[in-house]
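In what follows, a single structure is set out as structure tokens and then discussed.
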Amino acid sequence: MELEVKIRKKLRGFDLAVEFSVHDEVLALLGASGCGKSMTLKCIAGIEKPDEGRILLNGRTLFDSEKGVNLAPQKRRVGYLFQDYALFPNMTVAENITFSARGTKEEKRKLLERELARFSLAGLENSYPKELSGGQKQRTAFARILASDAELLLLDEPFSALDSYLKWQLELELLHLFDDYGRAAVLVSHDRGEAYRLADRIAVLSGGALESLGTKHALFEQPGTLAATLLTGCKNISRARRTTEHELFAEDWQITLHSAAPVPENLRYVGIRAHFFSLREEAAENTPRMEAVQIIEDAFSYLVMAKKADSDAAPVRWEIEKIAWQGLGQKEFYLHFPADRLILLER
Numbered sequence: 001m002e003l004e005v006k007i008r009k010k011l012r013g014f015d016l017a018v019e020f021s022v023h024d025e026v027l028a029l030l031g032a033s034g035c036g037k038s039m040t041l042k043c044i045a046g047i048e049k050p051d052e053g054r055i056l057l058n059g060r061t062l063f064d065s066e067k068g069v070n071l072a073p074q075k076r077r078v079g080y081l082f083q084d085y086a087l088f089p090n091m092t093v094a095e096n097i098t099f100s101a102r103g104t105k106e107e108k109r110k111l112l113e114r115e116l117a118r119f120s121l122a123g124l125e126n127s128y129p130k131e132l133s134g135g136q137k138q139r140t141a142f143a144r145i146l147a148s149d150a151e152l153l154l155l156d157e158p159f160s161a162l163d164s165y166l167k168w169q170l171e172l173e174l175l176h177l178f179d180d181y182g183r184a185a186v187l188v189s190h191d192r193g194e195a196y197r198l199a200d201r202i203a204v205l206s207g208g209a210l211e212s213l214g215t216k217h218a219l220f221e222q223p224g225t226l227a228a229t230l231l232t233g234c235k236n237i238s239r240a241r242r243t244t245e246h247e248l249f250a251e252d253w254q255i256t257l258h259s260a261a262p263v264p265e266n267l268r269y270v271g272i273r274a275h276f277f278s279l280r281e282e283a284a285e286n287t288p289r290m291e292a293v294q295i296i297e298d299a300f301s302y303l304v305m306a307k308k309a310d311s312d313a314a315p316v317r318w319e320i321e322k323i324a325w326q327g328l329g330q331k332e333f334y335l336h337f338p339a340d341r342l343i344l345l346e347r
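Residue numbers for the sequence shown follow full-length UniProt numbering, so the first one is 1 and each next one is one higher.
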């Protein structure tokens with residue numbers, strides 16, 4: 001399976017301009033609300049029309065502004081899962097599932113039986129959407145997509161309307177579905193954890209532009225831009241300047257740091273994720289004396305805001321397990337910034 005997207009569309013407040021491809025994988029479009037994620041999905045599905053560019057799916061042209069091609073949504077063979085699932089309220093579960101299915105009456109009957117069993121909907125085939133729970137509605141919507149024999153799944157924040165427990169259950173089901181289904185998907189999310197758990201690669205969008213694109217592991221290690229770093233959840237970012245090939249000065253934290261990776265000439269920011277810090281017994285390279293200025297209790301950890309001791313520096317956020325913090329018992333400590341965990345940003 002191969003999807004190629006290169007489109008532009010003028011929107012209120014910004015221009016959407018994205019270019020990416022998908023190959024037998026799950027790609028997550030991650031970004032804040034209003035950045036163009038859902039619009040990108042709608043352009044692929046044919047619900048919205050780009051101003052220019054092209055969209056190819058398995059060699060078929062879905063849209064090409066130069067050639068004047070713009071296939072209708074029903075001809076694109078893509079399955080679109082809306083945020084509200086968009087089930088037909090006047091149709092039963094069975095009728096919703098088989099609405100876009102192809103084949104004879106007998107083939108549709110067998111297909112319905114298969115999807116009812118796959119999504120644990122047996123016994124609900126004669127129920128209407130208003131009689132279903134949130135999870136049952138979502139499973140019905142997924143079943144309808146698969147019954148249509150779509151070549152590509154488009155999922156627009158599929159868990160946004162669900163509580164945390166049900167969301168977790170359905171995430172597991174969706175992971176099994178991706179494994180069994182064997183076809184590609186594009187997932188829209190503003191939840192970095194959800195994107196990381198479900199996707200193979202992640203594309204970060206900000207203001208209509210594609211900020212970063214890569215495997216989820218590479219992207220979270222080095223997001224590439226300040227916007228992507230923030231969107232992937234990094235809470236510790238300081239203005240920075242290069243001092244030597246492997247050394248930098250974090251201006252906001254007032255700390256000199258050694259970097260395992262070469263420091264770019266045009267370094268502007270340095271970041272580090274809150275769970276990468278560790279305690280040391282004495283001062284050393286990348287291990288300044290710090291003092292806690294605020295301690296916030298979370299469900300299973302403490303969030304410690306710590307600044308360089310005897311300074312007016314900006315604090316860093318350190319996430320530490322409760323048992324580890326309770327055993328520390330002091331306000332000042334030596335905190336280690338791992339050289340191989342620094343995020344180096346030029347923009």
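From the three backbone atoms N, C-alpha and C, an ideal C-beta is built for every residue, glycine too.
Presumed contact (8 Å Cβ cut-off) between residue i and residue j, rounded CB distance
i: L16; j: T40; result: 7 Å
i: S164; j: L30; result: In fact, because the Cβ distance is near 19 Å, the residues do not count as touching under 8 Å.
i: V316; j: A309; result: Between A309 and V316 the Cβ distance is about 13 Å, and since that is not below 8 Å, they are no contact.
i: A250; j: S238; result: 4 Å
i: E4; j: L56; result: 4 Å
i: P264; j: L344; result: 6 Å
i: L166; j: G135; result: 5 Å
i: G207; j: F14; result: 5 Å
i: I272; j: L342; result: 6 Å
With 16 other Cβ atoms within 10 Å as the buried cut-off, status of residue i
i: G123; result: exposed
i: A228; result: buried
i: E346; result: exposed
i: W168; result: exposed
i: I323; result: exposed
i: T104; result: exposed
i: L155; result: buried
i: A94; result: buried
i: F300; result: exposed
i: R144; result: buried
i: N96; result: buried
i: L328; result: exposed
i: E66; result: exposed
i: T140; result: buried
i: T98; result: buried
i: P262; result: exposed
i: T215; result: exposed
i: S38; result: buried
i: K42; result: buried
Selection from the options that minimises the alpha carbon distance to residue i
i: K130; options: E151, A218 and L87; result: L87
i: A72; options: T98, F82, I44 and N96; result: I44
i: D180; options: V18, V5, D24 and K10; result: D24
i: residue 398; options: N58, I145, V293 and S311; result: In the structure as shown, the chain begins at 1 and stops at 347. Residue 398 is therefore absent and cannot be evaluated.
i: S160; options: A195, A203 and S127; result: A195
i: Q326; options: H336, V78 and E297; result: E297
i: E48; options: K9, E173, G271 and T225; result: K9
i: P50; options: N58, S33 and E19; result: E19
i: F142; options: L174, E151 and S133; result: L174
i: L177; options: A117, G34 and M290; result: A117
i: E281; options: R77, I202 and E332; result: E332
i: D64; options: Q74, E52, K75 and N58; result: E52
i: Q83; options: G224, A339 and E157; result: E157
i: D340; options: S33, E221, L132 and G13; result: E221
i: I102; options: R197, R77, L81 and T92; result: Checking the displayed sequence, the identity of residue 102 turns out to be Arg instead of Ile. Ranking R197, R77, L81 and T92 by Cα distance to R102 puts R77 first.
i: A32; options: S278, D191 and N90; result: D191
i: G233; options: V69, Q74, N126 and E319; result: E319
i: K137; options: E291, F119 and L198; result: F119
i: V69; options: R54, N58 and V204; result: R54
i: T92; options: E125, S100, Y85 and L81; result: E125
i: A283; options: S133, I255, K75 and V22; result: I255
Straight-line Cα distance separating residue j from residue i
i: E171; j: L187; result: 12 Å
i: L248; j: R241; result: 6 Å
i: R268; j: W253; result: 14 Å
i: A209; j: M1; result: 25 Å
i: L27; j: G46; result: 19 Å
i: L146; j: E115; result: 8 Å
i: N266; j: L257; result: 16 Å
i: N236; j: A274; result: 7 Å
i: Q330; j: L11; result: 53 Å
i: L121; j: S148; result: 17 Å
i: E211; j: L231; result: 10 Å
i: G79; j: A184; result: 11 Å
i: R60; j: K110; result: 29 Å
i: A150; j: S311; result: 60 Å
i: T287; j: Y334; result: 6 Å
i: C35; j: L152; result: 23 Å
i: M290; j: A314; result: 11 Å
i: I7; j: L205; result: 14 Å
i: H246; j: E321; result: 31 Å
Proximity test, residue i beta-carbon vs the ligand NAD heavy atom, cut-off 7 Å
i: V18; result: Summarising the ligand content, the structure contains no ligands, and the ligand NAD is consequently not present.
Open item on the list: Quick check on the DSSP output: what are the complete alpha helix (DSSP H) runs of length 4 or more inside the stretch 155-231, in order along the chain?
Closed with: Within the stretch 155-231, the complete alpha helix (DSSP H) runs of at least 4 residues are 164-181, 192-198, 216-221 and 226-231.
Task: Entirely enclosed alpha helix (DSSP H) segments - the stretch 84-168, minimum 4 residues - done: If we require 4 residues or more, the alpha helix (DSSP H) runs fully inside the stretch 84-168 come out as 93-97, 105-118 and 134-147.
- [ ] Could you pull out every unbroken beta strand (DSSP E) segment of at least 3 residues lying fully inside the stretch 245-281, listed in chain order?
- [x] Runs of the beta strand (DSSP E) inside the stretch 245-281: 247-250, 255-258, 269-272 and 278-280.
TODO: Run through the stretch 304-343 for me and flag every whole alpha helix (DSSP H) of 4 or more residues, listed as ranges in chain order.
DONE: Counting only runs of 4 or more, we get 322-326.
Task: Complete runs of the beta strand (DSSP E) confined to the stretch 28-78 [at least 3 residues] - done: Given a length threshold of 3 residues, each whole run of the beta strand (DSSP E) inside the stretch 28-78 is given here in chain order: 52-57 and 60-64.
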